[in-house]
Amino acid sequence: GPKVLQIPSHQIIDMGQMVTLNCDPVSNHLYFYWYKQILGQQMEFLVNFYNGKVMEKSKLFKDQFSVERPDGSYFTLKIQPTALEDSAVYFCASSFMKYEQYFGPGTRLTVL
Amino acid sequence: QQKVQQSPESLSVPEGGMASLNCTSSDRNFQYFWWYRQHSGEGPKALMSIFSDGDKKEGRFTAHLNKASLHVSLHIRDSQPSDSALYFCAASYNTNTGKLTFGDGTVLTVKP
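Sequence lines, in order, name chains A and B.
Per my numbering, the first sequence starts with residue 1, numbered consecutively.
Per my numbering, the second sequence starts with residue 113, numbered consecutively.
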């Protein structure tokens, strides 16, 4: 079936550095999402993106976070600067309209 | 209070048995409910959605929704070892953003 890819699978960085998480969504999908899952906790919505704009963001989507999808390429989540509490698994998802969301395998971010 | 709560936390059934997973919402504004399955090292994959009262059957999987009690369940008949995974209930509002609110998940183990 359709697959969402995420690069890298694991990223370790020092607190205060910038990190960019990359997502390759399903080719004909129009909506793109980021979710955050801290170990042992539920998955939580961060942001969704449609037609080049953020449609909705949660309180977890801090000012240090930004998303973009330049020229229809990767859908990216950038965190600048990173904080210890940003350590989590970040899942990207995409959907055609607001239907079934297809999730990638996640990027495990460790902030030291 | 979490808006989507799942029970039990973990469940073990013998191969060929019936597995029943439960989900309760505290927000009457949720319109759509999803069941997602996540195998270790992978992202969640949608099993089925339900938004009307009653049962919805897809193969060995049956979802049941009772909007009055805000309760949704998933029943897996003839459980297979490959069904062993983490199962999430997720809910969304009737908006254009498609934001999903997840429960904590139920770990299902099917023993051969």
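Where a beta carbon is used, it is the ideal one built from N, C-alpha and C, also for glycine.
Close Cβ partners of residue i (< 6 Å) along its chain, the five nearest in sequence each way excluded
i, result
"GLN101 (chain A)", "ALA93, SER95"
"ARG108 (chain A)", "HIS10, VAL89"
"SER122 (chain B)", "VAL219"
"PRO25 (chain A)", "VAL4, PHE32, PHE75, SER94"
"ILE162 (chain B)", "PHE145, LYS168, ALA175, LEU177"
Cβ-Cβ separation, residue j to residue i (assumed contact under 8 Å), whole Å
i, j, result
"ASP190 (chain B)", "GLN42 (chain A)", "The pair is not a contact, with the Cβ atoms about 29 Å apart (cut-off 8 Å)."
"GLN37 (chain A)", "PHE75 (chain A)", "The pair is not a contact, with the Cβ atoms about 18 Å apart (cut-off 8 Å)."
"MET18 (chain A)", "PRO81 (chain A)", "7 Å"
"LEU46 (chain A)", "PHE61 (chain A)", "5 Å"
"LEU112 (chain A)", "LEU77 (chain A)", "That pair is no contact at about 19 Å."
Where the beta strand (DSSP E) containing residue i begins and where it ends
i, result
"PRO126 (chain B)", "122-126"
"GLY166 (chain B)", "166-170"
"ASN51 (chain A)", "ASN51 (chain A) -> no beta strand (DSSP E), and no H or E assigned at all."
"VAL4 (chain A)", "Segment: none, VAL4 (chain A) is in no beta strand (DSSP E) and carries neither H nor E."
"LEU186 (chain B)", "183-188"
"ALA131 (chain B)", "131-137"
"ASN178 (chain B)", "173-178"
"HIS10 (chain A)", "10-13"
"LEU30 (chain A)", "Where LEU30 (chain A) is concerned, there is no enclosing beta strand (DSSP E), given that its DSSP letter is neither H nor E."
"GLN118 (chain B)", "116-119"
"PHE200 (chain B)", "197-205"
"LEU220 (chain B)", "218-223"
Residues that DSSP places opposite residue i in a beta bridge
i, result
"ALA88 (chain A)", "A:LEU109"
"GLU154 (chain B)", "Its beta-bridge partners do not exist; DSSP assigns none."
"SER58 (chain A)", "SER58 (chain A) is not bridged to any residue."
"LEU21 (chain A)", "A:LEU77"
"GLU68 (chain A)", "A:THR76"
"PHE251 (chain B)", "Residue 251 (chain B) lies beyond the residue range present for chain B, which begins at 113 and ends at 224; the question has no answer from this structure."
"LYS36 (chain A)", "A:GLU44, A:TYR90"
"TYR99 (chain A)", "Beta-bridge pairing links TYR99 (chain A) to no other residue."
"THR213 (chain B)", "B:ALA203"
Same chain, Cβ closer than 7 Å to residue i, neighbours up to 5 away in sequence not counted
i, result
"LYS179 (chain B)", "ASP165"
"THR136 (chain B)", "GLN117, LEU182, HIS183"
"ASN48 (chain A)", "TYR31, PHE32, TYR33, MET55, GLU56"
"ALA158 (chain B)", "TRP146, TYR148"
Beta-carbon proximity list for residue i, same chain, < 8 Å, skipping 5 on both sides
i, result
"LYS223 (chain B)", "SER124, VAL125, PRO126, GLU127, PRO193"
"GLY210 (chain B)", "SER204"
Neighbouring residues, chain D, relative to residue i (Cβ below 9 Å)
i, result
"PHE214 (chain B)", "The displayed structure is made up of protein chains A and B, and chain D is not among them."
| Are the stretch 124-131 of chain B and the stretch 182-189 of chain B touching, with three or more C-beta to C-beta distances below 8 Å? | Because the criterion of three Cβ pairs below 8 Å is met, the stretch 124-131 of chain B and the stretch 182-189 of chain B touch.
| task | Inspect the CB distances between the stretch 6-16 of chain A and the stretch 61-73 of chain A and report whether three or more fall short of 8 Å. | result | With a cut-off of 8 Å, the stretch 61-73 of chain A and the stretch 6-16 of chain A do not count as touching, because too few Cβ pairs lie within range.
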